[in-house]
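Asks: If you read the sequence shown in my numbering, its first letter stands for residue 917, the second for the next number, and so on. Here you go, one structure.
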Amino acid sequence: MTDTVEVTALVLKSTPVGEYDRRVVLLTREQGRIACFARGARRPGSPVMAASLPFCFGTYRLRSGRNSNVLVEAKVQYFFEKIRNDMEAACYASYFAEVMHYITRENNDEAALLLLVFQSLRALEADRIPNRLVRAVFEIRTLVIEGEFRPPDERDPFSPSTLQAVRHIMQAPVRTLYTFAVSDTVLAELEHIAEISLQRSLGHRFESLEILKALQI
């Protein structure tokens, strides 16, 4: 009997393969970022059709094949349909997923990043704070988790409210990360801090970020 493994995961990327299959990239709590094939996922009525779509979160049962993992079954807990039906939210979610795909690794402990991106998607869907603020918080906290963030201090040209917001982003439990509001001035400063820090630490061009900038959203 072929062994299977069950993981808690979020779909970062889903790509059509052949006529009926999909290659799915998962960010898992147990094994970091892994790829698998969802056989027949594009066939009407496939039990894994919905579970193989981007941003789905749940438990995924995988079987190890000769050259790759195969998705056997899945139980989706969050579909994030509201995000997929909102172009602006979908653009932000795609950016978050692209960042996670870039910085995470297979067989690495990525549980903190999985929780962060999950809560970030929930913040986009809840629509209680501006998407721009969700993005800035996501970027800064990602760098904090990776040990790549250098926080500003009183010598930097930022307002006390901005410095307080940065401390919240760095220290708050992830589940309560998106529970604050800021003025337009503070938001602009947070965006500047996040953008400069991300470029300095990663130095990578994200295609989905270019789309966000082009759409000015």
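The beta carbon of each residue, even a glycine, is placed where N, CA and C say it ideally should be. Fair warning: this is a prediction, and the values are worked out from it, not measured in the lab.
(1) Short of 8 Å in beta carbon distance, which residues of its chain neighbour residue 938, apart from the five on each side in sequence? Order them along the chain.
(2) Return the Cβ separation of residue 1124 and residue 1014 in integer angstroms, given the expectation that the two are a contact with Cβ distance under 8 Å.
(3) Could you check which residue in 1060, 1126, 972 has the C-alpha nearest to that of residue 1089?
(4) Per DSSP, which one or two residues make a beta bridge with residue 952?
(5) Spell out the partners DSSP gives residue 1022 in its beta bridges.
(6) Spatial neighbours of residue 949 within its chain, please: C-beta separation below 8 Å, excluding the five flanking residues on both sides.
(7) Do you know offhand how far residue 982's Cα is from residue 990's?
(8) According to DSSP, is residue 1099 part of a helix, a strand, or is it coil?
(9) Just the C-alpha distance for residue 980 and residue 1097, rounded to the nearest angstrom, thanks.
(10) Out of 926, 1042, 1051, 998, which has the shortest C-alpha to C-alpha gap to residue 1110?
(11) Would you call residue 925 buried or exposed, if buried means 16 or more other Cβ atoms sit within 10 Å of its Cβ?
(12) May I ask which residues mark the beginning and end of the beta strand (DSSP E) holding residue 931?
Replies: In brief:
(1) 930, 931, 932, 953, 954, 957, 958, 968
(2) 5 Å
(3) 1060
(4) 940, 985
(5) 948
(6) Cβ neighbours of residue 949 within its own chain (closer than 8 Å, five residues either side excluded): 928, 941, 942, 943, 1016, 1017, 1020, 1021, 1022, 1024, 1026.
(7) 21 Å
(8) coil
(9) Linking residue 980 to residue 1097 through their CA atoms gives a straight-line distance of about 45 Å.
(10) 1051
(11) Buried, because 16 or more other Cβ atoms sit within 10 Å of the Cβ of residue 925.
(12) 920 to 933
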